[in-house]
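This note's numbering puts the sequence shown at residues 1 to 407.
Note that CB positions come from ideal geometry on N, CA and C, so glycine has one too.
Bear in mind the structure is a predicted one, so any value in this text is a computation, not a measurement.
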Amino acid sequence: MNGANTVRVMLGAIWPSFLTLKNHIPASQGIDDATMISFFLFWLGQLPFLFMHPNQLRFLFMAKSIIVPAAWLAIMIWALASSKGGDIFDQTPSVSGSAYSWAFLSSMTSVIGNYATLSVNQADFSRYSRVSVKWQCVYVPMLPVFFTFIAFIGIAASSAGDFHYGTLEWDPMALVSHWDNRAARFFAAFSFALAALGVNISANSLSAANDLMALAPRFINIRRGQLICAVVCWALVPWKILKSAGNFLNFMAAYAIFLGPIAAIMLFDFWVIHKRKYDTIALYNPYGIYRYTYGVNWRAIVAFLSGVAPSLPGFINGINNNIDVGVGIHPYQFGWLLGFCGTALVYTVLSLVFPAKETFIPVAIRPDEVFAEQGEAPGSEEEGGSGDVEVIDGEKRGFRQRLEKFL
1 MNGANTVRVM LGAIWPSFLT LKNHIPASQG IDDATMISFF LFWLGQLPFL FMHPNQLRFL
61 FMAKSIIVPA AWLAIMIWAL ASSKGGDIFD QTPSVSGSAY SWAFLSSMTS VIGNYATLSV
121 NQADFSRYSR VSVKWQCVYV PMLPVFFTFI AFIGIAASSA GDFHYGTLEW DPMALVSHWD
181 NRAARFFAAF SFALAALGVN ISANSLSAAN DLMALAPRFI NIRRGQLICA VVCWALVPWK
241 ILKSAGNFLN FMAAYAIFLG PIAAIMLFDF WVIHKRKYDT IALYNPYGIY RYTYGVNWRA
301 IVAFLSGVAP SLPGFINGIN NNIDVGVGIH PYQFGWLLGF CGTALVYTVL SLVFPAKETF
361 IPVAIRPDEV FAEQGEAPGS EEEGGSGDVE VIDGEKRGFR QRLEKFL
């Protein structure tokens with residue numbers, strides 16, 4: 001839906017009459033004709049990328065890593081330079097005391113929810129990376145810095161919009177729509193469209209494709225899984241989620257309370273319980289050592305429910321504000337942290353008291369060792385499907401080959 005809003009601004013910058021199209025969709029649906037057309041165009045535009053193997057998308061992400069930061073820095077410079085004399089840095093909180101603390105925790109949970117999905121499915125796309133693990137460890141400490149800086153750009157730009165236009169626009173496209181310069185509107189929207197395209201592919205469609213492929217590997221590969229995700233997205237009516245900032249924050253907070261426990265189980269099972277010793281081959285054997293009890297690890301189920309249960313009253317209130325849950329709303333306001341810590345504690349205790357002894361092995365069997373024994377190179381075949389993937393030998397010649405090697 002973010003991509004649809006960017007396309008709407010770009011089309012409006014080229015043809016201003018597009019923004020005044022007669023609307024035939026009821027206002028209660030949270031979308032109009034122009035936005036629906038934009039949604040379809042963005043959806044149609046990303047389809048060709050879904051047919052491409054993730055290894056072939058490096059040029060897209062290289063372009064994104066150059067264009068998007070430059071555009072967003074320009075927006076920040078505009079916000080700070082054009083609002084001199086404003087009160088961007090002089091604003092004070094509108095709440096105080098315990099209300100401020102709970103509002104802070106609630107906002108933090110919403111922010112975490114935006115990245116919580118990556119904590120459980122990052123391997124879906126990071127496994128295609130050729131960057132050494134040592135360099136990846138350097139990137140990780142920098143993530144909070146980058147995320148905080150990006151959040152600051154959004155706050156500064158929204159405050160500048162309030163200074164210039166008298167309304168506080170938290171939606172970047174709503175802010176950009178106020179600009180008089182049509183070229184500036186187009187290129188700013190284009191940068192956000194490129195960012196939305198990258199997120200849709202890496203964090204949404206590719207992750208969904210891997211999950212679908214795991215459910216039915218005989219029938220679904222990465223490409224088919226992404227196409228299924230593209231079709232199903234219409235049924236999720238994302239325009240209702242983004243109808244208001246409140247709906248969006250509730251959605252992200254609700255999203256986080258379920259992903260926190262999942263992340264805790266994955267993290268503590270690998271690092272604490274099994275001490276990084278997994279049998280890679282057995283992970284894909286439905287009747288192997290990781291079958292547990294009839295294919296279900298009851299310890300994980302109990303731990304997951306224990307982590308989610310405290311946040312359910314607040315979750316219900318978030319869906320229907322007419323249901324008063326009293327102080328039961330507070331656990332929901334920091335649901336990710338509560339769910340993560342609670343689930344980690346319960347799962348670790350259950351796994352140590354009632355250990356699944358058959359899952360413990362003396363030495364880890366890693367993917368590289370499996371490939372070496374089979375005489376294959378990782379990535380030599382497209383996961384879950386037939387067809388050859390282009391392999392470039394060590395003697396790379398030409399600009400494209402050298403750039404591909406660099407990437």
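Top-ranked residue by Cα proximity to residue i, from the options
i    : options                : result
P54  : S311, A309, A123, V325 : A123
A344 : R185, I365, L267, A196 : L267
F149 : V272, I75, F354        : I75
F315 : A195, I329, N322, F304 : I329
R299 : N317, C233, Y347       : Y347
F89  : L60, F163, D211        : F163
L44  : V7, E373, N23, I281    : V7
Y292 : P172, T359, A34        : T359
A263 : R127, V327, S119       : S119
R127 : L206, W78, A184        : L206
I301 : I265, N321, L312       : I265
F61  : G339, P286, I319, I201 : I201
F121 : A203, A151, P16        : A small fix is needed here, since residue 121 is Asn in this sequence, not Phe. Measuring from the Cα of N121, the nearest candidate turns out to be A203.
F463 : R218, I361, T109, W239 : Since the displayed the chain opens at 1 and closes at 407, residue 463 lies outside it and no answer follows.
G412 : G295, N221, T117, I241 : Residue 412 lies beyond the range of the chain shown here (1 to 407); nothing can be said about it.
S107 : A254, A81, Y287, P313  : A254
Residue interval of the alpha helix (DSSP H) (run including residue i)
i    : result
H274 : Taken as a continuous stretch (DSSP letters only), H274 belongs to no alpha helix (DSSP H), as it is neither H nor E.
V346 : 335-353
N121 : 98-121
C229 : 222-232
S158 : 143-165
N2   : 2-14
S205 : Careful: S205 lies outside any alpha helix (DSSP H) and carries neither H nor E.
Q91  : Where Q91 is concerned, there is no enclosing alpha helix (DSSP H), given that its DSSP letter is neither H nor E.
M76  : 58-82
G198 : 182-199
P172 : 172-176
P362 : That residue, P362, is in no alpha helix (DSSP H); it is neither H nor E in DSSP.
W179 : W179 -> no alpha helix (DSSP H), and no H or E assigned at all.
P217 : Unbroken run through P217: none, as it is neither H nor E.
F241 : According to the sequence displayed, residue 241 carries Ile and not Phe. Element bounds for I241: 238-241.
Cβ distance (whole Å) where residue i is taken to contact residue j below 8 Å
i    : j    : result
F39  : M1   : 7 Å
I257 : W336 : 6 Å
F186 : A13  : 4 Å
S83  : A160 : 4 Å
L47  : A230 : 6 Å
G225 : A235 : Not confirmed; about 16 Å, so no contact.
G260 : G307 : 7 Å
G3   : L197 : 6 Å
T109 : F334 : 5 Å
Through-space distance from residue j to residue i, alpha-carbon basis
i    : j    : result
C341 : V349 : 12 Å
V138 : L73  : 23 Å
I153 : D279 : 45 Å
E67  : S191 : In the sequence under discussion, the amino acid at residue 67 is Ile, which differs from the Glu named in the question. Each residue's Cα considered, the two are about 7 Å apart.
L105 : P144 : 17 Å
S351 : G30  : 47 Å
K134 : T20  : 53 Å
R276 : R366 : 10 Å
S158 : H178 : 12 Å
F18  : F42  : 16 Å
I155 : G166 : 15 Å
A99  : F147 : 25 Å
A195 : S65  : 9 Å
G385 : F59  : Low confidence applies here, because G385 scores a pLDDT of 44, under 50, leaving its location unreliable; read the following figure in that light. Rounded to the nearest angstrom, the two C-alpha atoms are 23 Å apart.
Q91  : V176 : 22 Å
H24  : I37  : 12 Å
S96  : I323 : 25 Å
P141 : S132 : 16 Å
M52  : A214 : 19 Å
A216 : I228 : 13 Å
F50  : F125 : Note on residue identity: the sequence assigns Leu, not Phe, to residue 50. The alpha-carbon atoms of L50 and F125 are separated by roughly 14 Å.
N320 : V272 : 39 Å
E311 : N114 : Correcting the residue identity first, residue 311 is Ser in this sequence and not Glu. Their Cα atoms are separated by approximately 18 Å.
A79  : Y284 : 52 Å
D32  : N181 : 24 Å
A282 : V370 : 11 Å
I289 : A364 : 13 Å
P16  : N5   : 15 Å
P238 : H274 : 39 Å
I112 : W102 : 15 Å
Y332 : V199 : 26 Å
A151 : A184 : 21 Å
### Message
Quick check on the DSSP output: what are the complete alpha helix (DSSP H) runs of length 4 or more inside the region 257-315, in order along the chain?
### Response
298-308
### Secondary structure, beta strand (DSSP E): runs of 3+ residues fully inside the region 16-62
none
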